[in-house]
Amino acid sequence: MAAQNSFNHSYGVPAVAAVTAASTNPTIPPMEGAKQKGGASTIRRLDSAAPNKRIMPANQYNSQNQQQSQRKENASPKRSQVAQRQQQQQQQYSDAIQNEDNLEYFIKFPTPNYRSDAMDTGDSDFVFVYNDSNVPIVMLLGWAGCQDRYLMKYSKIYEDRGLITVRYTAPVDTLFWKRTAMIPIGEKILKLMYDMNFDSHPVIVHIFSNGGAYLYQHISLAMRKHKTPIQIRGMIFDSAPGERRILGLYRAVTAIYGKERKKCHSVTALIITLTLSIMWFVEETFAAFKSLFFKSEPVQTNPFSDLKNEATQFPQLFVYSKGDVVIPYQDIEKFIKIRQERGVDVSAACFEDAEHVKIFTKYPSQYIHCVCSFINNCLSRPYKGGNGLETVTDSGSPTSSIRSILGANSSKYD
Numbered sequence: 001m002a003a004q005n006s007f008n009h010s011y012g013v014p015a016v017a018a019v020t021a022a023s024t025n026p027t028i029p030p031m032e033g034a035k036q037k038g039g040a041s042t043i044r045r046l047d048s049a050a051p052n053k054r055i056m057p058a059n060q061y062n063s064q065n066q067q068q069s070q071r072k073e074n075a076s077p078k079r080s081q082v083a084q085r086q087q088q089q090q091q092q093y094s095d096a097i098q099n100e101d102n103l104e105y106f107i108k109f110p111t112p113n114y115r116s117d118a119m120d121t122g123d124s125d126f127v128f129v130y131n132d133s134n135v136p137i138v139m140l141l142g143w144a145g146c147q148d149r150y151l152m153k154y155s156k157i158y159e160d161r162g163l164i165t166v167r168y169t170a171p172v173d174t175l176f177w178k179r180t181a182m183i184p185i186g187e188k189i190l191k192l193m194y195d196m197n198f199d200s201h202p203v204i205v206h207i208f209s210n211g212g213a214y215l216y217q218h219i220s221l222a223m224r225k226h227k228t229p230i231q232i233r234g235m236i237f238d239s240a241p242g243e244r245r246i247l248g249l250y251r252a253v254t255a256i257y258g259k260e261r262k263k264c265h266s267v268t269a270l271i272i273t274l275t276l277s278i279m280w281f282v283e284e285t286f287a288a289f290k291s292l293f294f295k296s297e298p299v300q301t302n303p304f305s306d307l308k309n310e311a312t313q314f315p316q317l318f319v320y321s322k323g324d325v326v327i328p329y330q331d332i333e334k335f336i337k338i339r340q341e342r343g344v345d346v347s348a349a350c351f352e353d354a355e356h357v358k359i360f361t362k363y364p365s366q367y368i369h370c371v372c373s374f375i376n377n378c379l380s381r382p383y384k385g386g387n388g389l390e391t392v393t394d395s396g397s398p399t400s401s402i403r404s405i406l407g408a409n410s411s412k413y414d
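In this text, residue positions in the sequence shown follow UniProt numbering: the first is 1, and each later residue adds one.
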């Protein structure tokens with residue numbers, strides 16, 4: 001069944017794991033493809049993101065090696081300097097990563113001169129334009145219960161096109177049962193970005209479902225406490241955000257715990273859902289009562305409610321489906337309209353029949369086109385600092401648009 005971009009309104013058409021036991025600090029070899037592993041409950045990786053080599057005959061392989069050697073000999077001094085600078089950055093990243101012992105995260109870097117080599121060999125169908133000294137970074141924040149082997153499929157979209165990726169998924173217990181632990185997690189992720197000098201790079205945030213949105217909330221909260229902003233150029237929402245509902249929570253619990261425990265009885269899922277609902281109600285009531293007597297930062301508990309009023313102005317892309325039973329597409333379109341009214345440049349791509357966070361699985365080429373076109377548009381805009389990017393009219397007020405990332409008023413996937 002063909003998916004259709006059907007965002008038709010009057011206004012347009014269209015998170016390595018939480019706090020764990022401290023681990024030892026192994027030394028990371030300062031080389032491409034190096035891998036670092038922490039203790040039993042800590043995993044950190046620093047890998048090369050170069051595409052897999054194709055198998056070819058020996059004579060063709062030798063010929064290609066000679067051509068590559070010739071290109072290296074003819075390389076300009078500027079290109080050599082860029083390669084050396086990138087190697088120095090990788091060494092800095094390797095040193096910085098050893099200081100983060102309580103996060104499980106995955107980071108991949110492109111090989112030096114990846115873009116030039118990709119253009120020469122024709123291995124890449126999409127090459128982004130950016131400053132070689134500040135390679136763009138895509139931060140992927142996974143959905144609740146997401147295993148990294150699934151999130152890695154999304155990061156490969158960007159790694160194969162020469163971008164740095166950071167992958168992290170918050171553990172289920174911090175999203176559901178120990179939500180206060182999300183505050184230090186957001187601070188640790190931000191500290192990681194500063195320690196690795198990623199604050200000087202353009203950053204695209206790619207979040208999945210309410211779990212990724214909830215994690216981003218706390219990263220955003222940590223950013224507001226720092227004077228030096230992260231250069232966020234744009235944000236991609238995949239199947240998010242959605243309003244909190246008992247039915248949606250029940251379906252999420254069934255999906256998450258059903259995978260972890262192989263079998264999650266409907267009665268068990270219902271008990272967990274009701275327990276979480278009561279616990280969250282008590283937490284939020286207590287926080288509201290406490291705020292009457294003590295000045296404190298508002299508790300971040302609802303991605304839909306909190307993010308819709310966020311002061312940032314960088315562009316946002318929403319990729320969602322009418323076949324999503326966890327987060328209704330009406331919630332996302334409501335959120336889109338609110339962000340548009342606040343002056344945010346919004347793009348949207350709505351599919352007809354894909355399941356929750358499975359749009360890429362069903363429509364891979366269309367999905368890649370959406371996110372890559374959006375990122376290319378974000379990187380082509382000048383960064384003005386502060387809360388993000390703004391489009392200013394002659395009168396000085398920000399403007400925005402809601403459009404389909406795929407083109408005109410409507411388009412069908414063949």
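Don't be surprised by glycine CBs; every beta carbon is placed ideally from N, CA and C.
The structure presented is a predicted model; accordingly, all values stated were derived computationally and were not measured.
Output the boundary residues of the alpha helix (DSSP H) element that contains Gly234.
Premise fails: Gly234 lies in the beta strand (DSSP E), Ile232 to Asp238, not in any alpha helix (DSSP H).
So, residue 421 versus Met152, is the Cβ gap smaller than 8 Å?
This structure leaves residue 421 out entirely; the chain is present only between 1 and 414.
Measure the Cβ-Cβ separation of Ile359 and Val319 and say whether it is below 8 Å.
A contact, by the Cβ cut-off of 8 Å.
Return the chain-ordered list of same chain residues with a C-beta closer than 6 Å to the C-beta of Met235, the five sequence neighbours on each side being excluded.
Closer than 6 Å at the Cβ level, and outside the excluded window around Met235, lie Val205 and Gln316.
Simplified DSSP assignment, three categories, for Ala293
A quick correction: the sequence has Phe, not Ala, at residue 293. Phe293 falls in the coil class under three-state DSSP.
Give the secondary structure of Val166 by DSSP, where H, G and I count as helix, E and B as strand, and everything else as coil.
Strand at Val166.
Which term fits Lys384, buried or exposed, when burial requires 16 or more other beta carbons within 10 angstroms of its beta carbon?
Exposed: under 16 other Cβ atoms inside 10 Å.
Between the beta-carbon of Tyr105 and the beta-carbon of Tyr168, is there less than 8 Å?
Contact check for Tyr105 against Tyr168 passes: the beta carbons are separated by less than 8 Å.
When you compare only the Cα positions, how much space is there between Glu355 and Val172?
Those two C-alpha atoms are separated by around 21 Å.
Under the rule that 16 or more other beta-carbon atoms within 10 Å means buried, what is Ala18, buried or exposed?
Note that Ala18 scores a pLDDT of 35, beneath 50, so its modelled location is shaky and nothing firm can be said.
What residue range is occupied by the uninterrupted alpha helix (DSSP H) comprising Phe304?
Its alpha helix (DSSP H) spans residues Pro303 to Leu307.
Just the Cα atoms here: how many angstroms apart are Arg381 and Ser305?
If I take the Cα positions, the gap works out to 29 Å.
Compare the C-alpha of Glu243 against each of Met182, Ser365, Phe335 and Met279 and name the closest.
The residue among Met182, Ser365, Phe335 and Met279 with its C-alpha nearest the C-alpha of Glu243 is Phe335.
Met182 classed as buried or exposed, judged by whether at least 16 other C-beta atoms fall within 10 angstroms
Answer is buried; the Cβ neighbour count reaches 16.
Between Gly142 and the ligand ZN, is there a pair consisting of the residue's CB and a ligand heavy atom that are separated by less than 7 Å?
This structure lacks the ligand ZN; in fact it carries no ligand of any kind.
Under the rule that 16 or more other beta-carbon atoms within 10 Å means buried, what is Val282, buried or exposed?
Classification for Val282: exposed.
Three-state secondary structure (DSSP) of Met196:
Met196 sits in coil when the DSSP states are folded into three classes, being neither helix nor strand.
Mapping the DSSP letters down to three states, classify Ala181 as helix, strand or coil.
Ala181: helix per DSSP, three-state reduction.
Where do the ends of the beta strand (DSSP E) carrying Gln348 lie?
In the sequence as displayed, the identity of residue 348 is Ala instead of Gln. Per DSSP, Ala348 is one residue of the beta strand (DSSP E) stretching across Val346 to Phe351.
If contacts are defined as beta-carbon pairs under 8 Å, then Asp210 and Ile327 qualify, I think. What distance do you get, rounded to the angstrom?
The sequence as given places Asn at residue 210; Asp does not occur at that position. About 7 Å; that satisfies the 8 Å criterion.
Could you name the residues of the same chain whose beta carbon sits closer than 8 Å to that of Tyr250, not counting the 5 residues immediately before and after it, in chain order?
Hits under 8 Å: Ala269, Leu270 and Thr273.
What first and last residue would you give for the alpha helix (DSSP H) that runs through Ser133?
Here Ser133 belongs to no alpha helix (DSSP H), and DSSP marks it neither H nor E.
What span of residues does the alpha helix (DSSP H) with Val172 cover, start to end?
Annotation for Val172: the continuous alpha helix (DSSP H) segment containing it runs Val172 to Phe176.
Note down, in chain order, each residue of its chain lying with its Cβ closer than 6 Å to the Cβ of Lys188, except the 5 sequence neighbours on either side.
Listed in chain order, the non-local C-beta contacts of Lys188 below 6 Å within the same chain comprise Leu103, local neighbours out to five positions each way being set aside.
Between the C-alpha atoms of Ile185 and Asn131, what's the straight-line distance to the nearest angstrom?
Between Ile185 and Asn131, the C-alpha separation is close to 30 Å.
Determine, using beta carbons only, whether Leu379 and Phe109 come nearer to each other than 8 Å.
No, the pair does not count as a contact, with Cβ atoms beyond the cut-off.
Considering just the uninterrupted stretch of the beta strand (DSSP E) at Ser321, what are its terminal residues?
For Ser321, the enclosing beta strand (DSSP E) begins and ends at Gln316 to Ser321.
Does the Cβ of Glu159 have 16 or more other Cβ atoms within 10 Å, making it buried, or fewer, making it exposed?
Glu159 comes out buried.
Apart from the five residues just before and just after Asp199, which ones in its own chain have a Cβ nearer than 8 Å to its Cβ?
Within its own chain, the residues whose Cβ lies closer than 8 Å to the Cβ of Asp199, once the five positions on either side in sequence are excluded, are Met193, Thr228, Pro229, Ile230 and Gln231, listed in chain order.
Give me the DSSP bridge partner(s) of Val253.
In DSSP, Val253 forms no bridge with anything.
Report yes if the C-beta distance between Val357 and Phe208 is below 8 Å; otherwise report no.
Cβ distance < 8 Å, so Val357 and Phe208 count as in contact.
Would DSSP call Leu103 helix, strand or coil?
In this structure, DSSP gives Leu103 a state outside helix and strand, which the three-state scheme calls coil.
Assuming Val267 and His201 form a contact by the criterion Cβ under 8 Å, report the distance between their Cβ atoms to the nearest whole angstrom.
Contact annotation, Val267 with His201: C-beta distance approximately 49 Å; criterion of less than 8 Å not satisfied.
Count the other C-beta atoms from every protein chain shown that fall within 10 angstroms of the C-beta of Trp177, then say buried if there are 16 or more, exposed otherwise.
The residue in question, Trp177, is exposed, as its Cβ has fewer than 16 Cβ neighbours within 10 Å.
C-alpha distance - Glu352 paired with His226, whole-angstrom precision:
Rounded to whole angstroms, Glu352 and His226 show a C-alpha spacing of 41 Å.
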